[in-house]
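See below for the structure under consideration.
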Amino acid sequence: MFNEDNTIEQMSVEALASLGWRYVAAEDLPRRHADVMVEPMVKDALIRLNPEIAEDPDRADEIIYRLRALIQSTSPQNLVSTNERFKKLVIEENSFPYGKDGRMVPIRFFGTAADGDLDKNEYIVTNQWVYPQEQGGKRLDLVLLVNGFPLVIGEFKTPVRDSITWLDGAGDIAKYEKSIPQMFVCSAINFASEGKCYRYGSVNMPPEMWGPWHEGDKKSEGTLADVKRSMASMLTPSNVTDIFQFFTLFATDKKHRRIKLICRYQQFEGANLIVDRVRAGYPKRGLIWHFQGSGKSLLMVFAAQKLRMVPELKNPTVVIVDDRIDLETQITGTFNASDIPNLASAGSKEELESFFKQDMRKILITTIFKFGEVAGTLNERENIILMVDEAHRTQEGDLGEKMRLALPNAFFFGLTGTPINRTDKNTFHTFGAKEDKSGYMSRYSFADSIRDHATLPLHFETVPVELHVNQEVVNAAFDEMTRDLSKEDKAELTRRVKIESVMKAPDRIHKVCEHIAKHFKSKVEPDGFKAQVVCYDRECCLLYKEELDKLLGADAVTIVMDTNNDKEDRYKAYRRDRDAEEKLLDRFRDPDDPLKILIVTAKLLTGFDAPILQTQYLDKPLRDHTLLQAICRTNRVYNDKKTFGLIVDYIGLFDNVAKSLHFDEAEVQKVITNIDEVKAELPRLMHYCLEYFSTVKDRRSADWESLLEAQQCLPTTKVKDQFGADFSVLNRAWEALSPDPCLNPYKPDFIWLSQVYDSVRPVDNRGKLIWAALGPKTIELVHENITVERVRDDDDILELDEDMIEHFINDKSNTEKITRKLEIDLVARIRRHDTNGKFQKLGERLEDLRERHEQGLINSVEFLKMLIDLAKEARAAEKEVVPEEEEDKGKAALTELFNGIKNGDTPIIVENIVNDIDEIVKITRFDGWQATTAGVKEVKKQLRAILWMRYKLKDQALFDKAYSYIELYY
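In short: position in the sequence shown from 1, add 840, done, that's the numbering used here.
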């Protein structure tokens, strides 16, 4: 029988061995099970690479002791910071007092490509690594060691079950990071595969954010050969050491948490191409097109980091040139968040001139427009490397030529998120290299980013005809308004007034805003997403804000605009400094904040990154680069519920996509598709799913017998998984369209299919890539329209002792029916408490039991007996669960309490406070906590931290009242 051990794991070991990794069985390695490092190998490498240690090998023991202490100090909470500390110790802060007279000298832990001694490293591949003890320890499928350090950890899953995927393996690694975090202190790369797809990530990276690895034009997936090709490309000894040293970063996220970033393959390729050209000295230019949202900013960070750290480049200057007027951009934020050392900025002509005339060797961030202000040569040095964002902007005022004059011997690399047309000759003149036949040194297209899930597809939605601006409507309105004017006066007015006469008509604005509000409340808000409204100009922003405030409330909507040249102070209310604006945008990114919609006209159409933004209401004429950049604000990956970005087009830009997105690259016109195409697919998707149940006569019944009949149409795990995959596609289409009237004829069948899907979906988290949770609109629909009574007559069998159970089973003619009824009820119990740890474990045991039964390892009677045991445990566990209605009463009481103190001087967000208290109390409490001194003390401590420290509500009476509600309801 095929499994992960004899297929994907064996293939991987053999493939890696052919790349230069020497295979050693885990039990043959010179380590104890409790060791993370293979310490004899570490010691040998330290002696091999460092003459100072070779002359006194005891020094190696001192270093290993220090590393061991760091590893042993690790907990799940500090894993990222410990991983960061490890990297610093072995690469950056690696000086020890082993020189003459105790002088500090750098100690090398690894041979590197830069030093030309990669061959001095010891590369080991091993499998079935057990940690931290032989009995009851965790077993890691594959580990790659460099000089005794486990830099790569891999997890495999069976390639023969459709629903078990790499995501399940990645989920296992996430669990290991919590249970054995010490094993991941040295880790640079975590990867997982089921023999069809290869995915990798970094420490503590959510599995949903893991990415594929490809090289060249071969980017297919689905076979062992494809996985082997990805591994052979990424996991060469030289690439692993390169990624470890130069292509992992540590940053601080918006919630002030340390996170670890690892390159995507296109960033690795693009950055290394830049480094290779600088090393070779020719060609001194290159153009990189990586599609909007696919990580250009990080590519520049990785390239800058490596350029600065390569010794042979002799401490170069790296210049990041932004296309914006000010420096507070996504690129600046990315560099600052990544803690890149030796960072400088030039926000003025004087600062730019001073930087180069002082011959500073740092990473400089400046804007393209500053080069337009300087004259003559600033610096003739050759190891100056410029990376210019949105390179097509260099055409403005011959800015590209001015950069060349200022830095005549520098390297120039242009990066763009939109393709460059051949007519943009200046861009190709400044950045294009004749050696790049396609015009680009690196190309990562829209299709690449969608396939890799680096970005999401885009759909546009048409609006009612009366809201749709088109040229005929504009012409008619203009002719009516200018009927009495001369031809000359009419021609003069055409340029300024024509479109405004329609865009700012009060009746149209009212109707458009009504449509926006209705669409947002029915289609966007229920999924937890947010939106952006793009208006014609600043005046329109005010007019839209006024209307939307009436429909959605003032707290839900705000304007973000440039308020310069506002002599009349019309836009004073929206004048914010940079810090205030960033705080506002962080509120928008927060799913719990009531701010739901941003109204803009020019600002935030480029460089704005908010994955929660799913829908853009577009009411401004845009074209080409500007249009593509604007609509791609919605294409960022967010969660498994966000499957596309949506553009609601009030202008009619997408009536002719080829005209609005006029690029040489024809595929750009496929960037956005009409959501009507999803509607057209719905009947076919529905037919596929209903075909599984062609023998079911009554799909309108809501009783358990109907459910049982449906489940019998899915007799094996393979068929269940096929149905699960088909229904997941249907569910995504339904969520995208709901609540469109086109769904009404299909609603009864869809509700029935949803119930069947949920009843056969694994009750643990396995198979998550196929067996995703139902979408929020689907759940609401099912709850509104259907009630399935729980099977009640299983209670009798659960009361029987073992001898009576045997008699009961033998006495019944239909064991399968009893089993099905019992299983349906058990699944329902587990689903009701799927956030409870006890029920999660019961779910895992149920899925394991089902698998063993289907594989024929246990017979039907044994299966039923074990099912009864599980059902008894579930019923007992259910009695210990605090009734949900009691917790709801607690939240309701707390909500009422805090609403009572909310006023203009105390602008608190009640929902956030209540959720914070509810969450921390659920974590802190235990059965009977109210009767213990320790329980009371801990709950009060946590409550005080929330009220006094986090929300600054230092009111004893308020504290006492809140605690009394907690004591009563929790």
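Built from N, CA and C at the ideal position, the CB exists for glycine as well.
Query                                                                                                                                                                                                     : Result
Taking one C-beta from the region 1489-1499 and one from the region 1543-1561 each time, how about it: are there three or more such pairs within less than 8 angstroms?                                   : no
In the DSSP assignment, find the unbroken alpha helix (DSSP H) run with residue 1791 in it and report its ends.                                                                                           : Run containing residue 1791: none; DSSP gives neither H nor E here.
Within a Cβ cutoff of 6 angstroms, which residues of the same chain sit near residue 944, ignoring the five residues on either side of it in sequence?                                                    : 935, 937
Have a look at residue 1025 and residue 922 and give me their C-alpha separation to the nearest angstrom.                                                                                                 : 6 angstroms
Could you give the residue range of the beta strand (DSSP E) that holds residue 1255?                                                                                                                     : 1251-1256
In angstroms with no decimal places, state the Cα-to-Cα distance between residue 1533 and residue 1550.                                                                                                   : 6 angstroms
In terms of DSSP beta bridges, what is residue 1437 paired with?                                                                                                                                          : 1371, 1397
Would the beta-carbon of residue 1684 fall within 8 angstroms of that of residue 1604?                                                                                                                    : yes
For residue 1297 and residue 1474, what's the separation of their Cα atoms in angstroms?                                                                                                                  : 9 angstroms
Identify, in the order they occur along the chain, each residue of the same chain with its Cβ nearer than 8 angstroms to the Cβ of residue 1597, setting aside the five sequence neighbours on each side. : 1563, 1564, 1567, 1571, 1614
Do the region 1458-1473 and the region 1393-1409 touch if we need at least three Cβ pairs shorter than 8 angstroms?                                                                                       : no
From the DSSP output, in three-state form, read off residue 1592 for me.                                                                                                                                  : helix
Using a 10 Å radius around the Cβ and a threshold of 16 neighbouring Cβ atoms, would you call residue 1028 buried or exposed?                                                                             : buried
Should residue 1797 be labelled buried (16 or more other beta-carbon atoms within 10 Å of its own) or exposed?                                                                                            : exposed
Exposed or buried, residue 1096, counting other C-beta atoms within 10 Å across all chains shown (16 or more means buried)?                                                                               : exposed
Output the distance between the C-alpha atoms of residue 1273 and residue 1016, rounded to the nearest integer angstrom.                                                                                  : 47 angstroms
By the three-class DSSP mapping on this structure, what secondary structure does residue 963 have?                                                                                                        : strand
I believe residue 1589 touches residue 1686 by the beta-carbon criterion, under 8 angstroms. Please report the beta-carbon distance rounded to the nearest angstrom.                                      : Residue 1589 to residue 1686, Cβ: 28 angstroms. No contact.
Could you check whether residue 1599 and residue 1525 sit closer than 8 angstroms to each other, using their CB atoms as the reference points?                                                            : no
Taking the CB atoms as reference points, tell me whether residue 1228 and residue 1161 lie closer together than 8 angstroms.                                                                              : yes
For the region 1072-1083 and the region 983-992, state whether three or more C-beta atom pairs, one from each stretch, are separated by less than 8 angstroms.                                            : yes
Would a C-beta distance cut-off of 8 angstroms place residue 1246 and residue 1195 closer than the cut-off?                                                                                               : no
From which residue to which residue does the beta strand (DSSP E) around residue 1485 run?                                                                                                                : 1485-1489
May I ask you to report which of helix, strand or coil DSSP gives residue 945?                                                                                                                            : strand
Expressed to the nearest angstrom, what Euclidean distance is found between the alpha-carbon atoms of residue 866 and residue 969?                                                                        : 5 angstroms
Once you ignore the five residues that flank residue 1630 on each side, which residues in its own chain have a CB closer than 7 angstroms to its CB?                                                      : Bear in mind that a pLDDT of 38 at residue 1630, under 50, signals an unreliable position, so the number given afterwards is only what the model happens to contain. Cβ neighbours of residue 1630 beyond the five flanking positions: 1665, 1668.
Which stretch, first to last residue, makes up the beta strand (DSSP E) that contains residue 1092?                                                                                                       : 1088-1092
Grab the span of the beta strand (DSSP E) containing residue 1159 for me, first residue to last.                                                                                                          : 1157-1162
Measure the CB-CB distance between residue 966 and residue 983 and report whether it falls below 8 angstroms.                                                                                             : yes
Got a sec, what are the start and stop residues for the beta strand (DSSP E) residue 1030 sits in?                                                                                                        : 1029-1033
One question on the structure: do residue 907 and residue 886 come within less than 8 angstroms of each other, judged by their Cβ atoms?                                                                  : no
Report buried or exposed for residue 1418, applying the criterion of at least 16 other Cβ atoms within 10 angstroms of its Cβ.                                                                            : exposed
What does a CB cutoff of less than 6 angstroms around residue 1243 pick up in its chain, not counting 5 residues either side in sequence?                                                                 : 1211
Taking residue 939 as the reference, give the member of 1366, 973, 890, 1143 with the closest Cα.                                                                                                         : 890
Are the Cβ atoms of residue 1488 and residue 1440 separated by less than 8 angstroms?                                                                                                                     : no
Quick check: the region 1341-1354 against the region 1428-1435, are at least 3 beta-carbon pairs closer than 8 angstroms?                                                                                 : no
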